[in-house]
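Sequence order for the protein chains is A and B. Numbering of the first sequence is given in my numbering, commencing with residue 1 and proceeding in unit increments. Numbering of the second sequence is given in my numbering, commencing with residue 1 and proceeding in unit increments. The structure under discussion appears below in the form of structure tokens.
Protein chains: 2
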Amino acid sequence: MSAQTVMTLEALQALVEEILDKAGASPRAAGAVARTIVAGERDGCAAHGLYRIEGCLRTIKAGKVDPRAEPSLADDGSAILRVEAKGGFSGPAFELGAPVLAARARELGLAALVLNDCTHFSALWPEVEVLTDMGLAALALCPSYAVVAPSGGIRPLLGTNPLAFGWPRRGGPPYVFDFATSAAARGEVELRRRAGEPLPEGWALDSGGAPTTDPEKALEGAMLPFGGHKGSALATMIELLAGSMIGDRTSAEALEHLGATNLAPQHGELILAFDPERFAAGRPGDPFARAEILFEAILGQGARLPSQRRFTVRARTLAEGVRLSAQETERLERMRRLGLDALG
Amino acid sequence: MSAQTVMTLEALQALVEEILDKAGASPRAAGAVARTIVAGERDGCAAHGLYRIEGCLRTIKAGKVDPRAEPSLADDGSAILRVEAKGGFSGPAFELGAPVLAARARELGLAALVLNDCTHFSALWPEVEVLTDMGLAALALCPSYAVVAPSGGIRPLLGTNPLAFGWPRRGGPPYVFDFATSAAARGEVELRRRAGEPLPEGWALDSGGAPTTDPEKALEGAMLPFGGHKGSALATMIELLAGSMIGDRTSAEALEHLGATNLAPQHGELILAFDPERFAAGRPGDPFARAEILFEAILGQGARLPSQRRFTVRARTLAEGVRLSAQETERLERMRRLGLDALG
Chain A
1 MSAQTVMTLE ALQALVEEIL DKAGASPRAA GAVARTIVAG ERDGCAAHGL YRIEGCLRTI
61 KAGKVDPRAE PSLADDGSAI LRVEAKGGFS GPAFELGAPV LAARARELGL AALVLNDCTH
121 FSALWPEVEV LTDMGLAALA LCPSYAVVAP SGGIRPLLGT NPLAFGWPRR GGPPYVFDFA
181 TSAAARGEVE LRRRAGEPLP EGWALDSGGA PTTDPEKALE GAMLPFGGHK GSALATMIEL
241 LAGSMIGDRT SAEALEHLGA TNLAPQHGEL ILAFDPERFA AGRPGDPFAR AEILFEAILG
301 QGARLPSQRR FTVRARTLAE GVRLSAQETE RLERMRRLGL DALG
Chain B
1 MSAQTVMTLE ALQALVEEIL DKAGASPRAA GAVARTIVAG ERDGCAAHGL YRIEGCLRTI
61 KAGKVDPRAE PSLADDGSAI LRVEAKGGFS GPAFELGAPV LAARARELGL AALVLNDCTH
121 FSALWPEVEV LTDMGLAALA LCPSYAVVAP SGGIRPLLGT NPLAFGWPRR GGPPYVFDFA
181 TSAAARGEVE LRRRAGEPLP EGWALDSGGA PTTDPEKALE GAMLPFGGHK GSALATMIEL
241 LAGSMIGDRT SAEALEHLGA TNLAPQHGEL ILAFDPERFA AGRPGDPFAR AEILFEAILG
301 QGARLPSQRR FTVRARTLAE GVRLSAQETE RLERMRRLGL DALG
């Protein structure tokens, strides 16, 4: 058994910031991007944890993201707040907008944060949880790049277009889900390709538009939406609201701009924040207490709440720190020393 | 071949209003409810057309809706508008709030309309289309009554919880979808029961919580959400946003209040309206023109847009009127003469 290193989350945050700094990121960007990556690692989401650092570095090296871009907030006093990320990462743009979004949602009951021109690589739940931590419900949507065919179609057009929702719970982690509107994430297809395993039916089409269970053919063809025409409709709604409506790229445009599916795409994002206390004002009952009755009824019949596994891992890493293999530690150390040159 | 009557939509609207008036509805309620029912019939949605009149009358007769309730609007200048339906139908409540919602969405960019304590029997697309007709994008959600088990669960808890979305298109019908977050509508299970046909896998559980394809057992048990845990998460989000958050009944509470599944349930509804021109302001391109590129790409690969069948039927009935069988005409005439006594 190889040696393991245990790191506190604070130490890991500092290390990832140092790596991003060495790769050319501004302090603001390094802090925000590192927070997202460390949150993924903390929650045991391998696909959104330390693994993502290399993707960030690759995207910086390809010149597809400006790691020193200074996001700017536009606020006309309406229910729409806009942060121009100016080709930087989404993290610093979100962090600039989130407190203003929360204040506006408290003031008006409901508000929207638009992020424009940002490079997006992370899950949406870290953002949603920033808002639930402030007592707000939140809905976040964004396109990605065109790898999914619409239901009844034959070619990639839609993105894996995630949708995340959060509801604050007192005295515990929030109710949070965050899922792709595709039948599976592209990474899951890649994993099956490497393992030589077939895909389940309904995941993908080959390049001719015919259903396939061959991962290789699926990667050359198109993914399918989850839940047939309903998932396809949701994915289309996300293109419209978080693409066309906010004056930013659709998934087709993001892929065209990027020219590759191994770099982080650039597009916009839409986050809605709701103040439940404003929405429930004057009505019987406390909205948070009433929601608990629903959660108890779900759990009481043996079903699970989404993100339960994440919260279990989180409790453990918060207490014990994160365990890194010797290989992981070495790779991080190499990136810390060499920055973009670590990509070889 | 039996005799058919052809009626213009205007004549049908007047007839349905007369029936509702005879059943005790106020002019405001009769007009609004009739508009929804005639819209369903106009678009060839049998399940939401004239067929619904008897359900409305049954619900009035059971004392579960107040057909003379006068909805009232509360407006504190924020992004939340609230209409108390006071136990009346949702239609008149929506019609009272919709113009104010549209004006607020134009002013703030984004606004929400909450309907409380309303009896809901209609599809959500008629409401969404009122907003798209005013150039706004709209999202509408509501619980129903507990007939759906959460993913991984065994008992009814969630409703069929519909979600509808609309996006305005210039010079043509809007992009609109409206679907239940259950695998199928309860009516579809009932139809298969009558036809003696089994259900597809994944639609339902029996009363012991085991998967079943027997419609009889499914009606005694629970429906399942569409798309597995993702559909279940969406249905839960709808309970939270359009139930707990707006201080109104969840699907479990609506069923408890109603005590039956053959009457229209009473709960709330949440409608969000977005002004795309406000969201796109200062960004490159026109949001509506950009959305058309997406629609063309969907259609260009042989996929369909949701609601296309409805819009085709609509174009025909707008030109030719609605055809009623002798039996339908007789039933409508009987209700017009007898009001609630027509229920026997």
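Built from N, CA and C at the ideal position, the CB exists for glycine as well. Here the structure is a predicted model, which means the values were calculated and not measured.
> Is the beta carbon of residue 181 of chain B less than 7 Å from the beta carbon of residue 235 of chain B?
Replying inline: The criterion of a C-beta distance shorter than 7 Å is satisfied by residue 181 of chain B and residue 235 of chain B.
>> Looking at chain B, is there any beta carbon in it that lies within less than 7 Å of the beta carbon of residue 121 of chain A?
In response: Under the Cβ criterion of 7 Å, residue 121 of chain A is not counted among the residues facing chain B.
> Could you give the distance in angstroms between the alpha-carbon of residue 241 of chain B and the alpha-carbon of residue 337 of chain A?
Replying inline: Cα to Cα, residue 241 of chain B sits roughly 48 Å from residue 337 of chain A.
>> With a threshold of 7 Å between beta carbons, is residue 172 of chain B in contact with chain A?
In response: Chain A contact via Cβ: absent.
> Any beta-carbon of chain A closer than 7 Å to the one on residue 153 of chain B?
Replying inline: Judged by the 7 Å Cβ criterion, residue 153 of chain B is in contact with chain A.
> Can we count residue 301 of chain A as close to the ligand GDP, meaning its CB is less than 6 Å from some heavy atom?
Replying inline: By its list of ligands, the structure shown contains no ligand whatsoever, and the ligand GDP lies outside what it can speak to.
> Should residue 304 of chain B be flagged as near chain A, meaning a C-beta pair shorter than 7 Å?
Replying inline: True, the Cβ-Cβ gap to chain A drops below 7 Å.
> Beta carbon of residue 250 of chain A, beta carbon of residue 294 of chain B: below 7 Å?
Replying inline: Here residue 250 of chain A is near residue 294 of chain B, since their CB atoms are less than 7 Å apart.
> When the cut-off is 7 Å and only beta carbons count, does residue 271 of chain B lie next to chain A?
Replying inline: So no, residue 271 of chain B is outside the interface.
> In the DSSP assignment, what residue or residues form a beta bridge with residue 111 of chain A?
Replying inline: DSSP lists A:273 as partners of residue 111 of chain A.
> Span of the beta strand (DSSP E) holding residue 301 of chain A?
Replying inline: Run containing residue 301 of chain A: none; DSSP gives neither H nor E here.
> Going by C-alpha distance, which of A:129, A:124, A:137, A:117 is nearest residue 111 of chain A?
Replying inline: Selected option, being the one with the closest Cα: A:137.
> Nearest to residue 210 of chain A by alpha carbon, out of A:292, A:222, A:91?
Replying inline: Comparing Cα positions, the closest option is A:222.
> Of all the options B:318, B:322, B:81, B:121, which has the alpha carbon lying nearest to the alpha carbon of residue 270 of chain B?
Replying inline: Considering only alpha carbons, the answer is B:81.
> Do we get a CB-CB distance below 7 Å when we pair residue 250 of chain A with the residues of chain B?
Replying inline: Answer yes: the Cβ-Cβ gap between residue 250 of chain A and chain B drops below 7 Å somewhere.
> Terminal residues of the continuous beta strand (DSSP E) containing residue 80 of chain B?
Replying inline: First-last of the beta strand (DSSP E) with residue 80 of chain B: 80-84.
> If we ignore side chains and look at the alpha-carbon of each, how far apart do residue 226 of chain B and residue 252 of chain B end up?
Replying inline: Near 19 Å, if we compare the C-alpha coordinates of residue 252 of chain B and residue 226 of chain B.
> Since residue 89 of chain B contacts residue 119 of chain B with CB under 8 Å, what's their CB separation in whole angstroms?
Replying inline: Contact annotation, residue 89 of chain B with residue 119 of chain B: C-beta distance approximately 5 Å; criterion of less than 8 Å satisfied.
>> In the DSSP assignment, the beta strand (DSSP E) including residue 325 of chain A goes from what residue to what residue?
In response: For residue 325 of chain A, the enclosing beta strand (DSSP E) stretches over residues 322-325.
> Who are the neighbours of residue 239 of chain B on chain A, taking C-beta pairs under 8 Å?
Replying inline: Going along chain A in sequence order, the residues near residue 239 of chain B (Cβ under 8 Å) are 294.
> Under three-state DSSP, which class holds residue 311 of chain B?
Replying inline: Reduced to three states, the DSSP call for residue 311 of chain B is helix.
> Roughly how many whole angstroms lie between the Cα atoms of residue 91 of chain B and residue 32 of chain B?
Replying inline: The alpha-carbon atoms of residue 91 of chain B and residue 32 of chain B are separated by roughly 5 Å.
>> Residues of chain B with CB closer than 9 Å to the CB of residue 110 of chain A, please, in chain order.
In response: Identification of chain B residues near residue 110 of chain A by a Cβ-Cβ cut-off of 9 Å yields 78, 79, 80, 108, 110, 111, 112, 272, ordered along the chain.
> Within the 7 Å Cβ cut-off, does residue 245 of chain A reach chain B?
Replying inline: By this cut-off, residue 245 of chain A is an interface position.
> Assuming residue 302 of chain B contacts residue 154 of chain A under a Cβ cut-off of 8 Å, what Cβ separation, rounded to an integer in Å, is found between them?
Replying inline: So it is a contact: roughly 6 Å between Cβ atoms.
> If you count every other CB in all the chains shown that lies within 10 Å of the CB of residue 344 of chain B, and 16 or more means buried, which is it?
Replying inline: Looking at its Cβ environment, which holds fewer than 16 other Cβ atoms inside 10 Å, residue 344 of chain B is exposed.
> Any idea what DSSP makes of residue 248 of chain A, helix, strand or coil?
Replying inline: Correct three-state label for residue 248 of chain A: coil.
> When the cut-off is 7 Å and only beta carbons count, does residue 169 of chain A lie next to chain B?
Replying inline: Contact of residue 169 of chain A with chain B is not assigned, every C-beta pair being separated by 7 Å or more.
> Within 7 Å (strictly less), CB to CB, does residue 115 of chain B reach chain A?
Replying inline: It does not: the Cβ of residue 115 of chain B has no partner Cβ on chain A nearer than 7 Å.
> What residue from A:37, A:322, A:239 has the CA that sits closest to residue 8 of chain A's CA?
Replying inline: Among A:37, A:322, A:239, the Cα nearest to that of residue 8 of chain A belongs to A:322.
>> With H, G and I counted as helix, E and B as strand and the rest as coil, what does DSSP make of residue 176 of chain B?
In response: In the three-state reduction of the DSSP assignment, residue 176 of chain B falls in the strand class.
>> For residue 72 of chain A and residue 117 of chain A, I'd like the C-alpha separation in whole angstroms.
In response: Each residue's alpha carbon lies about 11 Å from the other.
>> Please list the terminal residues of the continuous beta strand (DSSP E) segment that includes residue 164 of chain A.
In response: In the DSSP annotation of this structure, the continuous segment of the beta strand (DSSP E) that includes residue 164 of chain A starts and ends at 162-167.
> What are the boundary residues of the beta strand (DSSP E) that residue 138 of chain B is part of?
Replying inline: DSSP places residue 138 of chain B in the uninterrupted beta strand (DSSP E) bounded by 137-141.
> When the Cα atoms are used, what is the spatial distance from residue 198 of chain B to residue 282 of chain A?
Replying inline: Cα-Cα distance, rounded: 47 Å.
>> Within the continuous beta strand (DSSP E) that includes residue 75 of chain B, where are the two ends?
In response: Under the DSSP assignment, residue 75 of chain B falls in the beta strand (DSSP E) whose first and last residues are 72-75.
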